[in-house]
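Each remark here refers to the structure printed beneath this line.
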């Protein structure tokens, strides 16, 4: 079954930039032909997924305020199905990294990313998340979140305008639309992907549930 | 700025005397300093909250390995946090401090970044991708005679029920982290962890030229971007002896007040959102967008405007500016009633805010909680009145004061302050004089040797800039007084005995911005 172009209703295809990346994704998908039934289901599910992208509220600095503006009345991202923001990574589809990521925050961000369920996406919002931005030369700033987690869409700006954030989110929608869902993104995570360098050690376990007593 | 140096041996009695005899009850800031060969130490900026008398004292020691200075954390409560910051950046150990540990950086950080001999190499401090251990494992206490004893646990003991909130949590307004000890639903103890957005602005400023540093101030507290930049420009202009035109003063004052309205609108919206009133959030942002349109037209930026510059402002105001601002002022006054109807007078809001999180006036002064929080407690701490700058001594406005200091007062105060800001703008907007909007400066800006200080009233408190210059084109040391750190420090007192749900109301009404705390 042939894949079609990722269509967004409100903007013509030619007006998007970076169509080449998506087209290369499509040719890659078309190399291995898909079953008609699975392909049709893929299309249906991807249509649903792309129109209900729920983001994790993860705003560290200035870009977070612009993200709030996008959610408010004038820009209203509910029109595109992004209106639900989740506070728990378990329920989120994507993580909007809005703001500077510092050395102290980096392991926290990594853990949040690891806790999210597949398929998951990362949007780097603003100069700081992309490359360190104005704080690039600082001793405590991570120069780009793509050093620790894979990024799907970059939205430049300091902070990006709400229109830019919407545009970036629509690019993500298009990416979601050309993905192979069954046997593809829904089963991406392999065991061992999310291992931490440092295991979580629980200390001070109360006496009554120690291993010895459990055996008895 | 005159700094009186006190020898280390006399330091403690002299500080006590300043507090007791001179009534210096407001510790504005502690500025850690590395003077190079002259030693490492700290500058203490003190103020008498009734007479508004100012003094700056300093002490230093040449011992770089065992840098020990007596603590003042038992005299001023806020010193607890400030001293931890100095320890974090300079490695100065304050003897007698109850819990000396790092404030911003990780416990396993190597070196003290703001020392002049700090090694910035990646090898020493790579990005550590494992979780940070809690302080209990690392606790060092220093007795007054200088011996360090390491004990295991101090902040929380084994029997306490400790929960963690943050750094990724919607109610913390950014990346702040609390460790709470609970007894049922009641909070017994709170330990605040900062530094998740510490960007090292003060250190990178030492490498940048003065016009370059300007760009960083907007990103400290992005909701008082104008005021922050105003403070830095004012400090540099003061140091250079640069006279700025009347037109600039008018524009700056109007912009400061517009920014204050912007910030307070966001405050009301977010306080409402934290308590679950999403309608009020949408209302607040609707009105804020209209204000951002005005900003955008004049400055080109929405949230971060980069408008002030050394000697003036970046661009002249547009022809339609005055009309639009007047129209907006009229509009917003009408909308304030709507906020009161929807949110402030709402029964749920009243039940959740009245008598919750009461901060007494004494505590507000001792913690140095300036801005709306201090004024809600009845402390007249407005820099615009205390040390007038720009045009604030020429305009007529009232410093809004409440007396109780609970969450509800803090909320109503912000709404009243919007009215006062409108009053200030209305007095100025029709009288903007003709003239240059910018004074010509040399392409390379150098500041004569010395120490300089300037303060403005930011959206949420006193924002101060301290510059130590050695005559170079970049500062030797630059320090920004964070508006939010005292607010966060006071959380310990405010939360004790409150229910865990009150944390949202208290956190929202204290109105802190985390990148401003962490810098």
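Chains as they are written, first to last, in this note's numbering: chain L, 1 to 216; chain E, 1 to 519. For each residue, glycine too, the CB sits at the ideal point set by N, CA and C. Just so we're clear, the structure is a prediction, and the values are computed from it rather than from any experiment.
Looking at L/96, L/17, L/108, L/40, the one whose alpha-carbon comes closest to that of residue 166 of chain E is L/108. When DSSP states are grouped into helix, strand and coil, residue 96 of chain L belongs to the strand group. Taking the CA atoms as reference points, residue 451 of chain E sits about 15 Å from residue 41 of chain E.
Restricting attention to beta strand (DSSP E) runs no shorter than 3 residues, the segment 423-500 of chain E encloses them at 450-458, 461-469, 477-481, ordered along the chain.
DSSP assignment within the segment 360-391 of chain E yields no whole beta strand (DSSP E) run of 3 residues or more. According to DSSP, residue 29 of chain E shares a beta bridge with E/45. DSSP places residue 124 of chain L in the strand class (E or B) of the three-state scheme. Proximity to residue 122 of chain E across L/114, L/139, L/70, L/46 peaks at L/139, based on C-alpha coordinates.
Per DSSP, reduced to three states, the secondary structure at residue 163 of chain E is strand. For residue 407 of chain E against residue 506 of chain E, the beta-carbon gap comes to about 6 Å, under 8 Å, which counts as contact. Contacts with chain E at 7 Å (Cβ-Cβ) do not include residue 95 of chain L.
Contact residues of the segment 151-164 of chain L toward chain E are 158, 159, 161, 162 (C-beta to C-beta distance below 9 Å). For residue 232 of chain E, the uninterrupted alpha helix (DSSP H) segment begins and ends at 225-240. Under a 10 Å Cβ-count criterion, residue 516 of chain E is classified as buried, with 16 or more other Cβ atoms of the shown protein chains found around its own Cβ.
Three or more Cβ pairs closer than 8 Å define a contact, and the segment 348-360 of chain E meets that threshold against the segment 270-288 of chain E. With its beta carbon at least 7 Å from every one in chain L, residue 486 of chain E lies outside the interface. Residue E/205 holds the alpha-carbon nearest to the alpha-carbon of residue 113 of chain E among E/131, E/51, E/205.
By the Cβ test, the segment 383-392 of chain E is in contact with the segment 249-256 of chain E, since at least three Cβ pairs between them sit closer than 8 Å. Annotation: Cβ neighbours of residue 197 of chain E in chain L (cutoff 8 Å, chain order): 60, 61, 99, 100, 102, 105.
Beta-bridge partners of residue 169 of chain E (DSSP): E/174. By the C-beta criterion, the segment 300-307 of chain E is judged not to be in contact with the segment 359-366 of chain E, since fewer than 3 inter-stretch pairs fall below 8 Å. Residue 30 of chain L does not reach chain E, its nearest Cβ partner there being about 38 Å away, counting only Cβ pairs nearer than 9 Å.
With respect to the 7 Å criterion, residue 287 of chain E and residue 326 of chain E are not classified as neighbours on the basis of their beta carbons.
Its Cα nearest to that of residue 469 of chain E, the residue E/449 stands out among E/449, E/342, E/432, E/435.
For residue 309 of chain E, DSSP records a beta bridge to E/312. When C-beta distances to chain E are compared with 8 Å, the residues of the segment 114-139 of chain L below that value are 134, 135, 137, 138, 139, in chain order. Annotated as distal: residue 492 of chain E and residue 162 of chain E, with beta-carbon spacing of 7 Å or more.
At a cut-off of 3 residues, the continuous stretches assigned as beta strand (DSSP E) that sit fully inside the segment 39-88 of chain E are 40-47, 54-61, 68-70.
With a beta-carbon spacing of about 6 Å, residue 477 of chain E and residue 33 of chain E fall inside the 8 Å limit used to define contacts. Listed along the chain, the chain E residues whose CB falls inside 8 Å of the CB of residue 84 of chain L amount to none; the nearest CB is some 12 Å away. Here the alpha carbon of residue 299 of chain E sits roughly 31 Å from the alpha carbon of residue 176 of chain E.
In this structure the segment 253-271 of chain E lies against the segment 407-416 of chain E, because at least three pairs of beta carbons, one per stretch, are closer than 8 Å. Residue 132 of chain L and residue 238 of chain E have their C-alpha atoms some 32 Å from each other. Less than 7 Å divides the Cβ of residue 95 of chain E from the Cβ of residue 68 of chain E. Here the segment 54-71 of chain L does not lie against the segment 6-26 of chain L, with fewer than 3 beta-carbon pairs under 8 Å apart. Counting only runs that start and end inside the segment 97-132 of chain E, there is no beta strand (DSSP E) element of at least 3 residues.
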